[in-house]
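In this note's numbering, the protein residues as written are 26 to 222.
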């Protein structure tokens, strides 16, 4: 069974944000509850990186997740296409970056750094938009070695500091990631490596 190393990172002040270069894209909040759109983002972004936790959720589970107090999603739009997302959840005086990433075709264009900058800025002001969320004292996130290779680098470049690492067994990591839809075999011309056995 494959091991994954989780790295937890945090900030304790908005002054710790190190902004990335701003990109000429629009980043908009998702204001309605749409399980279909949320599942699309989850699979389109996370299918390449072994995001499997929510794949079996039904419509009601997605609705409950999206309707939690202190929850926000932001999506960058490029040429009319959603390019990724960042999902934030405030509890007490803390905000977790629950999900963050880009669709594969938008990676490497500087969008991820800009989206994370905006996500962090919105995290530090989340209490201003949600009753029951206290003034924010900490923003945190975790990433693991199954995520995109730039994930940890981007988090640290934006001023998030590692504070804990944990190894976990991931049986799903023994095979290829699930991809963005059932039967996915990768972009044209790309051969996925499937472990023998």
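Beta carbons are placed, not taken as given, at the ideal position from N, Cα and C, and that holds for glycine.
Checklist entry - When burial is assigned at 16 or more other CB atoms within 10 Å of the CB, is residue 221 buried or exposed? => result At residue 221, the pLDDT of 36 sits below 50, so the modelled position is not reliable and the matter cannot be decided from this model.
Checklist entry - Between the beta-carbon of residue 140 and the beta-carbon of residue 109, is there less than 8 Å? => result yes
Checklist entry - Taking Cβ to Cβ, would you say residue 184 is nearer than 8 Å to residue 36? => result yes
Next on the checklist: Could you tell me the alpha carbon to alpha carbon distance between residue 117 and residue 164, rounded to whole angstroms?
Outcome noted: 11 Å
Checklist entry - Comparing alpha-carbon positions, which option in 151, 28, 169 and 85 lies nearest residue 162? => result For residue 162, the closest alpha carbon among the candidates 151, 28, 169 and 85 is that of 151.
Next on the checklist: Threshold first: 3 residues or longer. Then list the beta strand (DSSP E) segments lying entirely within the region 37-81, N to C.
Outcome noted: 51-54
Checklist entry - So, helix, strand or coil for residue 31, using DSSP? => result Strand, per DSSP.
Checklist entry - In the DSSP assignment, what are the bridge partners of residue 192? => result 30
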